[in-house]
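Only one structure is covered here, and it is reproduced in the block below.
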Amino acid sequence: MNLDHIDLRYNRLEKISGLGNLKNLEWLYLSEQEMNPLRAVVKELGGLSSVGYALRPQNFVWYSQQ
Numbered sequence: 031m032n033l034d035h036i037d038l039r040y041n042r043l044e045k046i047s048g049l050g051n052l053k054n055l056e057w058l059y060l061s062e063q064e065m066n067p068l069r070a071v072v073k074e075l076g077g078l079s080s081v082g083y084a085l086r087p088q089n090f091v092w093y094s095q096q
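In my numbering, the protein residues as written are 31 to 96.
Right under this line is the structure:
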């Protein structure tokens with residue numbers, strides 16, 4: 031798949047999966063995850079910028095392949 035931008039700001043994450051084919055992912059927007067149980071995983075994968083973008087989106091792709 032050739033997506034480079036995914037906006038999930040209004041979707042509470044329950045798991046991180048299905049990103050395994052997104053080799054060109056540059057922008058992953060995940061704001062509004064503050065009270066989400068996955069916030070520890072999000073932090074471990076590089077965290078979010080002050081406006082809610084994943085600082086290391088390729089880490090999320092790698093994690094979803096596990």
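Beta carbons are placed, not taken as given, at the ideal position from N, Cα and C, and that holds for glycine.
By the criterion of a C-beta distance shorter than 6 Å, Y93 is surrounded in its chain by I46 and L75, once the five residues flanking it on both sides are discounted. Remark: C-beta atoms of E44 and P87 do not approach each other more closely than 9 Å. Looking at V81, V71, R69 and K73, the one whose alpha-carbon comes closest to that of D37 is V81. With respect to the 9 Å criterion, L78 and A70 are not classified as neighbours on the basis of their beta carbons. One alpha carbon belongs to N66, the other to L60, and they sit about 11 Å apart.
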